[in-house]
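Numbering (the working numbering), first residue to last: 202 to 376.
Right, one structure below, let's go through it.
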């Protein structure tokens with residue numbers, strides 16, 4: 202389905218807003234070019250005609266923006282960055298969600314300290330499981346065990362993420 206067809210069905214020029222409502226509040230799985238590489242901008246795909254059960258969304262847009270910014274628009278489980286090609290499925294782009302560190306079913310809250318950015322793969326796969334962040338020692342052990350090509354890729358990523366300023370890594374303020 203393309204944008205013109207959606208505009209006709211929605212009966213309004215604000216079909217983009219209606220798509221977000223159908224996706225976020227009604228539970229329909231509507232895919233765009235951000236989800237699948239074979240879709241062009243302005244093309245949409247309804248994955249299933251039956252919606253997922255809707256649930257209350259208690260996290261405000263402002264809190265969502267704060268958590269995404271605090272987490273550097275990066276999945277806190279696998280390191281995927283929003284908008285980049287999904288490392289698990291190259292036909293999609295990484296889409297971030299807000300996930301609970303301690304799930305609400307286990308007594309967690311919607312406070313910013315209990316929220317983190319997760320890619321759709323990690324969020325859907327988490328299923329109320331929480332992984333501890335690896336320590337720097339564990340990360341170094343993994344990097345030492347990696348191939349030289351992977352070590353160089355890690356080095357390049359770190360240099361891009363933390364550009365040097367007078368020989369010192371850039372310091373980021375914590376909010």
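Think of the CB as a built atom: it goes at the ideal place given N, C-alpha and C, for glycine as much as any other residue.
8 Å Cβ cutoff met for residue i and residue j
i, j, result
"residue 232", "residue 240", "yes"
"residue 297", "residue 264", "no"
"residue 292", "residue 221", "no"
"residue 352", "residue 342", "no"
"residue 252", "residue 227", "yes"
Nearest to residue i (by Cα), restricted to the options the options
i, options, result
"residue 312", "301, 283, 319", "301"
"residue 279", "360, 203, 335", "335"
"residue 310", "324, 234, 260", "260"
"residue 287", "235, 364, 306", "235"
"residue 246", "357, 206, 347, 308", "206"
Contacts around residue i, its chain only, beta-carbon distance under 7 Å, and the 5 residues preceding and following it disregarded
i, result
"residue 282", "274, 275, 295"
"residue 223", "229, 231"
"residue 289", "322"
"residue 268", "299, 313, 316, 317, 318"
"residue 243", "203, 204"
"residue 277", "317, 318, 319"
Helix, strand or coil at residue i according to DSSP, with G and I counted as helix
i, result
"residue 306", "helix"
"residue 220", "helix"
"residue 206", "helix"
"residue 244", "strand"
"residue 237", "coil"
"residue 343", "helix"
"residue 361", "helix"
"residue 283", "coil"
Nonlocal neighbours in the same chain, by C-beta distance under 6 Å from residue i, ignoring five residues either side
i, result
"residue 307", "none"
Quiz item: For the segment 247 to 279, which segments carrying the alpha helix (DSSP H) assignment without a break, of at least 4 residues, lie completely within its bounds, in sequence order?
Solution: 262 to 271
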